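Report on the following structure.
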DNA sequence: ATTGAAAAGTTAGCGCCACTAACACTTTGT
DNA sequence: ACAAAGTGTTAGTGGCGCTAACTTTTCAAT
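Protein chains in written order, with the working numbering: chain Y, 1 to 223; chain V, 224 to 446.
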């Protein structure tokens, strides 16, 4: 869709259409967003490793020098996408919670399943968010959205613990659950390659394990 | 150590020393191993993303064309390292099991902690093994060692379940535990960037959560 | 020992990529 | 209307992965 449009001389037209927020588009319309969209698509298709900025430029119909008016480096585009990924993950998790009713066991389980579903459906994005490159996460922007995302997840679990009077350190229990869910997501997207118990359904795994994870902490010694 | 030695004219000497297995070294001594060692070191230092084959060549004291006598591509070197990583992970886990006594709860907990310790101590390697690039894991060699590693982990947990008469699907319980431990490892190496509950000790987290994860499966519906 | 084949290095070069500098066109604010 | 700022282009640099062709070293058979 975005890639089909050839150089628009618009700018003003787009502005009057009322869809403009950041400053104003000049030549291209909004090259910044177009590049992000193209990058996102390419990362989905070919993985974050094999993505080249030059390809995104071709998809957006500009030369390879153009992106540097909007991003400092190739990495900065990936950071933006990872950051939006965390935001999207948070939104989905929160939507599930709202649907099932905050503070219920169903909501907690469904949130975990949504987390895994996110990893499965948007694997390349999930890998970008939790993948190799630490410098990507070090970026203040990404770290901020990531922390925001996780603090909301943790918050929902602690809410459940309080409402249902689960004994023990609620933060530890919340972290336990999230740890388990994150592990399930990580292994799920690798199970094809590593041939991990393909006959077992992740959603059942999560649903069955969650009660045990909500058990009170015995020792609970911190650090 | 390996990098300090300049072109050895040896070959025959090395063979007589009785340390030769694969065919025989010719010019360099054993460029294949030297490149693997250099790559491993560079990946540890700079991460798998930023590693360049050219750097490994410089470290080994050969030109950038030399590696292609031993590897088909840059990727193939990384595959070898990932594969050895899985083997090392398995060995460490098995060593811990043997030390604590197979089939005991202590051994299971210690194995999980060793798993996380591996991820923390050899983060770049762990990231390479479970990182972004799926094509790396697709390689038969890597997938094989990976599967072997995990089947041993799972086996130890099922052994515990049988010895201690844990009710329920032992495979599911084993998978639960491994899922949790893998999640803990993954989050642990990202906690610095994402500021995840830094006050909580992972070893305690694992030790506290393990009993709850060994609870019997209720529904246990597969797929 | 000689010698031919195979192994394992070299040089030179291709195409691609990330990124930069200098320049040109467009839009905006005054 | 005009200067300034924004946003694109062309041209070029250096590095990388990889290949082809050549040279040197080692091995193995006579």
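Every residue gets a Cβ at the ideal spot worked out from N, C-alpha and C, and that includes glycine.
In this text, all values refer to a predicted model and were calculated from it rather than measured experimentally.
Asked, Found
"Is residue 387 of chain V buried or exposed, if buried means 16 or more other CB atoms sit within 10 Å of its CB?", "exposed"
"Which of the residues in the segment 387-399 of chain V, read from start to end, lie with their CB under 7 Å from any CB of chain Y?", "394, 395, 398 and 399"
"In whole angstroms, what is the alpha-carbon distance linking residue 301 of chain V and residue 404 of chain V?", "25 Å"
"Which whole-angstrom value describes the C-beta separation of residue 175 of chain Y and residue 423 of chain V, a residue pair presumed to lie in contact below a C-beta threshold of 8 Å?", "6 Å"
"Going by the beta-carbon positions, is the gap between residue 347 of chain V and residue 270 of chain V smaller than 8 Å?", "yes"
"Please decide whether residue 52 of chain Y counts as near chain V, where near means a Cβ-Cβ distance under 8 Å.", "no"
"Whole angstroms is fine: what's the gap from residue 331 of chain V's alpha carbon to residue 187 of chain Y's?", "19 Å"
"Taking 8 Å as the CB-CB cut-off, is residue 383 of chain V touching chain Y?", "no"
"Between the segment 121-138 of chain Y and chain V, which residues of the former have CB atoms less than 9 Å from a CB of the latter, in chain order?", "123, 124, 127, 128, 130, 131, 132, 133, 134, 135, 136, 137 and 138"
"Using a 10 Å radius around the Cβ and a threshold of 16 neighbouring Cβ atoms, would you call residue 207 of chain Y buried or exposed?", "buried"
"Where does the unbroken alpha helix (DSSP H) through residue 165 of chain Y begin, and where does it stop?", "No alpha helix (DSSP H) contains residue 165 of chain Y, which DSSP labels as neither H nor E."
"Out of Y/146, Y/113, Y/147 and Y/149, which one is the CA nearest neighbour of residue 204 of chain Y?", "Y/113"
"Could you tell me whether the Cβ of residue 296 of chain V comes closer than 8 Å to any Cβ of chain Y?", "no"
"Under a Cβ-count criterion, where at least 16 other Cβ atoms within 10 Å of its own Cβ denotes burial, should residue 173 of chain Y be classed as buried or exposed?", "buried"
"Nearest chain V C-beta to residue 47 of chain Y closer than 8 Å, yes or no?", "yes"
"For residue 76 of chain Y and residue 360 of chain V, I'd like the C-alpha separation in whole angstroms.", "27 Å"
"Kindly give me the distance between the Cβ atoms of residue 32 of chain Y and residue 70 of chain Y, rounded to whole angstroms, as I take these residues to be in contact under 8 Å.", "4 Å"
"Ignoring anything shorter than 3 residues or poking outside the segment 309-365 of chain V, list the beta strand (DSSP E) runs there in chain order.", "none"
"Leaving out five residues before and five after residue 160 of chain Y in sequence, what residues of the same chain have Cβ atoms less than 6 Å from its Cβ?", "103 and 108"
"Check whether the Cβ atoms of residue 183 of chain Y and residue 402 of chain V lie closer than 8 Å to each other.", "yes"
"Can you grab the Cα-Cα spacing for the pair residue 185 of chain Y / residue 437 of chain V, in whole Å?", "20 Å"
"Looking at residue 305 of chain V and residue 283 of chain V, is the spacing between their C-beta atoms short of 8 Å?", "no"
"Return the first residue and the last residue of the alpha helix (DSSP H) that residue 429 of chain V is part of.", "425-436"
"Report the neighbours of residue 409 of chain V on chain Y: residues whose CB is nearer than 8 Å to its CB, in chain order.", "130, 182, 183 and 186"
"Closer than 8 Å, Cβ to Cβ, to anything on chain Y: give me those residues from the segment 320-333 of chain V, in chain order.", "none"
"Along the chain, where does the alpha helix (DSSP H) containing residue 271 of chain V start, and where does it finish?", "254-273"
"Give me the Cα-Cα distance between residue 381 of chain V and residue 106 of chain Y, rounded to the nearest whole angstrom.", "29 Å"
"Looking only at its own chain, which residues have a Cβ that is under 8 Å from the Cβ of residue 413 of chain V, when we skip the five neighbours before and after it?", "419"
"Along chain V, in chain order, which residues have C-beta atoms closer than 7 Å to that of residue 196 of chain Y?", "373"
"Is the CB of residue 291 of chain V under 8 Å away from at least one CB in chain Y?", "no"
"Kindly indicate which three-state DSSP category residue 396 of chain V falls into: helix, strand or coil?", "helix"
"Within its chain, find whatever has a CB closer than 8 Å to the CB of residue 43 of chain Y; leave out the 5 residues flanking it on each side and keep chain order.", "51, 78, 81, 124, 125 and 128"
"Considering residue 55 of chain Y, what are the terminal residues of the alpha helix (DSSP H) in which it resides?", "53-60"
"Under 8 Å between the Cβ atoms of residue 194 of chain Y and residue 370 of chain V?", "yes"
"Could you compute how far the alpha carbon of residue 73 of chain Y sits from the alpha carbon of residue 134 of chain Y?", "16 Å"
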